[in-house]
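Residue numbers (this note's numbering): 19 to 423.
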């Protein structure tokens, strides 16, 4: 068990011990196979040793921890659900959710970047050809090279099908013009999977093309100054007569939007799992705090309003975990309702996850607001989970359309 202990002002003891598997209210092993429990424990231990001691510094100094990411790749986390024949781990989406949940207990920002990188590797593995597999996947699975997913544009966020970045074919090359916004890994990643328009307006005119860093005509905006997710770079990606070989097209022209949306099903489960891990850490930290903190001559944990708050936090976390694991299963089983299940899990788990972090901060009082302690970092990092991979308002649209269809 990894513990961070320090003295607070007013002789209050702060104890942010990691109590993985020890909370009697939430059984993190329920419904898991022995292999999945071992995977979960491995990811949790790795996060505790390799992420948690450094996460605050990464956040404050905006450090992209490449060495730690490559260590994660040594455990197979660079290509979690990339097929084994292409250098990946060949695991299930449920396995992946357990990994991201466990890693995010230590650093949700870094774990979320690993999720994005995996989404890109999976797209190449699933929709790319053999030459593309050989060219890119070995380096992606070892995280020798990093990848970014490029869909959002300054003028098309939730309305992704209206994107305007265009690729015009000229002989054996595409000439790309346009820009992408809020790209995780922007300016640092080695590969950018770019959804761009090669044909008619709307989703059927969108293709997916890999653009390698260093390609003439590819440039980047300034690094964004963000509320959270500071351990990963974020910048605009700009294409100005960017000349890319036709061989970098994934699949066929017009299939890119379908690929992007399919990838987002898994991305939504992953980001929901990141919220689970962050909120679990905050719940356990708050529980330790209210037991140690005394006011009015007795422990905060003896006050009924505090007990009720912890009960609601634990109940919501448990419900969110079940939804996320169900959604992951729906992808593994290729359920007809997988997109809806993923939208439900993403909407619920990211909303609940942020609320649990916020409630944990409230239980810490003024101490929770200080950057000396980790709660506020988890709060900042989980806030964006309600926005990216499709806003939670868009998740509601997906769910309601399924209900009414």
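Using N, Cα and C, we set each Cβ at its ideal position, and we do this for glycine too.
Beta-bridge partners of residue i, as assigned by DSSP
i	result
residue 165	209
residue 195	184
residue 253	201
residue 215	184 and 224
residue 392	DSSP, once it has assigned bridges, lists no residue as partnering residue 392.
residue 268	226
residue 260	194
residue 174	171
residue 238	255
residue 312	317
Per-residue burial, residue i [other beta carbons within 10 Å of its own, 16 or more giving buried]
i	result
residue 92	exposed
residue 40	Because the pLDDT of residue 40 is 49, which lies under 50, any placement of that residue in the model is unreliable, and the number read from its coordinates should be weighed accordingly. So residue 40 counts as exposed.
residue 148	exposed
residue 332	buried
residue 83	buried
residue 316	exposed
residue 112	buried
residue 207	buried
residue 187	exposed
residue 285	buried
residue 103	exposed
residue 122	buried
residue 322	exposed
residue 204	buried
residue 306	buried
residue 311	buried
residue 266	buried
residue 313	exposed
Proximity of residue i and residue j at Cβ, strictly below 8 Å
i	j	result
residue 379	residue 339	no
residue 334	residue 374	yes
residue 88	residue 161	yes
residue 234	residue 241	no
residue 248	residue 390	no
residue 426	residue 261	Limits of the chain in this structure are 19 at one end and 423 at the other, which puts residue 426 out of reach.
residue 288	residue 164	no
residue 398	residue 245	yes
residue 114	residue 98	yes
residue 272	residue 223	yes
residue 257	residue 236	yes
residue 146	residue 227	no
residue 212	residue 238	no
residue 134	residue 202	yes
residue 96	residue 158	yes
Cβ-heavy atom distance, residue i to the ligand ATP, below 7 Å
i	result
residue 84	What this structure holds is no ligand at all, so the ligand ATP is not there to describe.
Item to check | Inside the segment 97-153 only - alpha helix (DSSP H) runs reaching at least 4 residues | outcome: 111-122 and 126-145
Item to check | Whole runs of the alpha helix (DSSP H) within the segment 316-353, excluding any shorter than 4 residues | outcome: 322-350
Checklist entry - Touch check for the segment 192-204 and the segment 170-182: three-plus C-beta pairs under 8 Å? => result By the C-beta criterion, the segment 192-204 is judged to be in contact with the segment 170-182, since at least 3 inter-stretch pairs fall below 8 Å.
Next on the checklist: For the pair the segment 343-356 and the segment 321-330, tell me if three or more CB-CB distances fall below 8 Å.
Outcome noted: no
Next on the checklist: Using a Cβ distance threshold of 8 Å, determine whether the segment 363-371 contacts the segment 394-414, with at least three qualifying pairs required.
Outcome noted: yes
Item to check | 4-residue-minimum alpha helix (DSSP H) runs that sit fully inside the segment 355-417, ordered along the chain | outcome: 356-382 and 393-401
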